[in-house]
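Written below as structure tokens is the structure these notes are about.
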Amino acid sequence: MFNCNLALIEETAAFIKTKTDIRPLVGVVLGSGLGGVVSRIEIQHTIPYSDIPNFPQSTVMGHGGNLLFGHWNGVPVCVMQGRFHYYEGYPIQQVTFPIRVMKLLGVETLMVSNAAGGLNPAQHIGELMIINDHINMQPEHPLRGRNEERMGPRFPDMSEVYDAALIALCKEKAVAMGLHVSEGVYVGVQGPTFESPAEYRMFRLLGGDAVGMSTVPEIIVARHMQMRCFAMSVITDLGVDGKIVEISHDDVVKAANEAGEKMTELFGKMLEEIGK
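The sequence shown runs 6 to 281 under the working numbering.
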């Protein structure tokens, strides 16, 4: 599959349109342990990934395997209940394929969540961090290969990857809720190993505030197609000297579940404004 195979994207979008009459304006991608968001959505249609042509399948615990269509606070949404990762063995273009499909379904704004390790000494487990920029440390770029000009330019600008107005909206809603949120730079890595203490220190020296194994490829592809992007991390463990402890994926999912309710409410408040 080259970078942007429009025929496959159109085939998949056409299939989905036969299964739902929802035309989503916002796409939502749920990270590890954050599937509780679905309880807030008025779901009209659920399409298993296994039924969708050209879609990969999620293989990671804590990630569902459905594409959901419905309304969240009145806004028509398409929700990925479980995402895909490069470390699962998929080519990076296949990891980001669903974002391409969302665009053809009508999505204009992408909201992404993830579980991440904290690099900033001021952070604590369970904290919500708005991503205001990223550092791409993944080994393959999602736009590598032949470009499809109908989807986006060969050399897309990345001077404002994360939408400033959406970041401001999130801060406003967090203040109104009495909720503390931080803001920082997300480092996207390949995985699947968690970082060593030396790697944590390196990523902090590079300017990172959190590190994780997703999000960056999806956001790059969304910006290639001129989507507005917003992303938020739940800090599920700390990669800070003196605070590093042995971590498992179960621990990550547990911490994300505990913080997920706050993030879900915040996303919902933002959607109320986006839908106006």
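In this text, a Cβ means the ideal position worked out from N, Cα and C, and glycines have one as well.
query: Just reading off the alpha helix (DSSP H) that F102 is part of, what are its end residues?; result: F102 to L110
query: Would you call D214 buried or exposed, if buried means 16 or more other Cβ atoms sit within 10 Å of its Cβ?; result: buried
query: Reducing DSSP to helix, strand and coil, say where E93 ends up.; result: helix
query: Pairs of beta-carbons, one from the stretch 91-99 and one from the stretch 117-124, closer than 8 angstroms: are there three or more?; result: no
query: Cβ atoms of Y167 and I136: under 8 angstroms apart, would you say?; result: yes
query: Measure the alpha-carbon distance for G286 versus E204 and round it to whole angstroms.; result: Because the chain is modelled from 6 through 281, residue 286 falls outside the range shown and cannot be assessed.
query: Under 7 angstroms Cβ to Cβ from V216, same chain only, skipping five residues before and after it: list those, please.; result: A121, G122, L124, V192, V194, E200, F208 and G244
query: Give me whichever residues DSSP pairs with A215 in a beta bridge.; result: G123 and Y191
query: Grab me the residues of E278's own chain with a C-beta within less than 8 angstroms of its C-beta, minus the 5 sequence neighbours each way, in chain order.; result: L174 and K178
query: Compute the Euclidean distance between the alpha carbons of M107 and C83, then round it to the nearest angstrom.; result: 8 angstroms
query: Under a three-way DSSP split, which group does Q62 fall into?; result: coil
query: Count the C-beta pairs between the stretch 269-277 and the stretch 148-155 that are closer than 8 angstroms, then say yes if the count reaches three, no if not.; result: no
query: Taking just the CA atoms, how far does W77 sit from F7?; result: Residue confidence for F7 is low, a pLDDT of 49 falling below 50, so the modelled location carries little weight; the figure read from the coordinates is stated next. About 34 angstroms.
query: Grouping DSSP H, G and I as helix and E and B as strand, with all else coil, what is E47?; result: strand
query: Tell me the rounded alpha-carbon separation between D246 and L210.; result: 13 angstroms
query: Would you grab the beta carbon distance between T74 and H50 for me? Rounded to a whole angstrom, and I think it's under 8 angstroms.; result: According to the sequence as given, residue 74 is Phe; it is not Thr. The pair is a contact, with the Cβ atoms about 4 angstroms apart (cut-off 8 angstroms).
query: Measure from the alpha carbon of L184 to the alpha carbon of each residue in V117, K24, I224 and G265, then state which is nearest.; result: G265
query: Is R209 helix, strand or coil when you go by DSSP?; result: helix
query: Out of M182, D242 and R159, state which residue places its alpha-carbon closest to the alpha-carbon of V226.; result: R159
query: Should K281 be labelled buried (16 or more other beta-carbon atoms within 10 Å of its own) or exposed?; result: exposed
query: Since L276 contacts V80 with CB under 8 angstroms, what's their CB separation in whole angstroms?; result: 5 angstroms
query: Which of the three DSSP states is assigned to A170 in this structure?; result: helix
query: Which stretch, first to last residue, makes up the alpha helix (DSSP H) that contains H185?; result: Premise fails: H185 is in no alpha helix (DSSP H) and is neither H nor E.
query: Considering only their Cβ atoms, is the gap separating V42 from M232 smaller than 8 angstroms?; result: no
query: To which residues does DSSP link I279 through a beta bridge?; result: Bridge partners of I279: none, in fact.
query: Among M156, E145 and V100, whose alpha-carbon lies nearest the alpha-carbon of R228?; result: M156
query: Are the beta-carbon atoms belonging to P58 and T17 less than 8 angstroms from one another?; result: yes
query: Report the residue from L35, L72 and R45 whose alpha carbon sits nearest the alpha carbon of I52.; result: L72
query: Taking all protein chains shown into account, decide if G212 is buried (16 or more other Cβ within 10 angstroms of its Cβ) or exposed.; result: exposed
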